[in-house]
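Each residue of the sequence shown is one higher than the one before, counting from 1 in this note's numbering.
Note that CB positions come from ideal geometry on N, CA and C, so glycine has one too.
All values reported here derive from a predicted model rather than from experimental measurement.
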Amino acid sequence: MRKFAKVTLIQTKELDTSSELSLLGPEPLSPLFTPQMLKSRLLLRPNGKIKSVLMDQRIVSGIGNIYSDEILWASGIHPESRVVNLPPSQIRRIHNAIKTILALGIDFKGDSMSDYRRVDGRPGKFQHHHNAYRQTGKRCSKSKCLGTIARKVIGGRSAHFCNSHQILFQNTLN
Ligand SMILES: [Zn+2]
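Shown next as structure tokens:
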């Protein structure tokens, strides 16, 4: 069974040494989260597929299935690209998209496509702004792109991506 959340009460003075928090990757909306930090975190799993690595909470905190689909759509990167094959320019694109998409998710007060609700019980509105997640079969909404949104299971999760503008980065030596 997948776990969506956990609530733990920790004293402020024990935050830094909490075993629960020390397992989590950095908070991507922190000013300390630079492209260089993203690169070094991703390279902890160099042969991983970028979608699976982005969703790994030990690598970066807070990115799940919906946001990883939207981040990779915005970056123009195919979810099966392996970390080691991504050039620095593409890491910067992902970094930029992480900041933009997560901030957008917060602006729209979360994503209630499924059962997420705000503290007061009202739904968020980010689900009305998906370009990739669960858009299977629809024309890509990126300007001038003629692609269609495809779906494929990657690492046990459904990935949704444009079959045209999201590029699969591969090892050019093979
Ligand atoms: Zn497209």
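In DSSP terms, what residue i is bridged to
i, result
"Cys-162", "Ile-149"
"Ile-167", "Ile-77"
"Ile-154", "Arg-157"
Heavy atom of ligand 1 within 7 Å of residue i beta-carbon
i, result
"Gly-137", "no"
"Ser-112", "no"
"Arg-165", "The amino acid occupying residue 165 in the given sequence is His; Arg does not appear at that position. Yes; taking the cut-off as 7 Å, the Cβ of His-165 has a heavy atom of ligand 1 nearer than that."
"Lys-142", "yes"
"Gly-147", "yes"
Helix, strand or coil at residue i according to DSSP, with G and I counted as helix
i, result
"Lys-138", "coil"
"Lys-6", "coil"
"Lys-144", "coil"
Buried or exposed (CB count within 10 angstroms, at least 16 for buried), residue i
i, result
"Leu-29", "exposed"
"Gly-156", "exposed"
"Asp-16", "exposed"
"Gln-135", "buried"
"Asp-69", "buried"
- Message: As an exercise, report each continuous beta strand (DSSP E) stretch of at least 3 residues that is fully enclosed by the segment 60-129, in chain order.
- Response: For the segment 60-129, there is no continuous beta strand (DSSP E) assignment of 3+ residues that stays within its boundaries.
- Message: If we require 4 or more residues per run, which alpha helix (DSSP H) segments fall completely within the segment 31-64?
- Response: Complete alpha helix (DSSP H) runs here, min 4: 35-42, 50-54.
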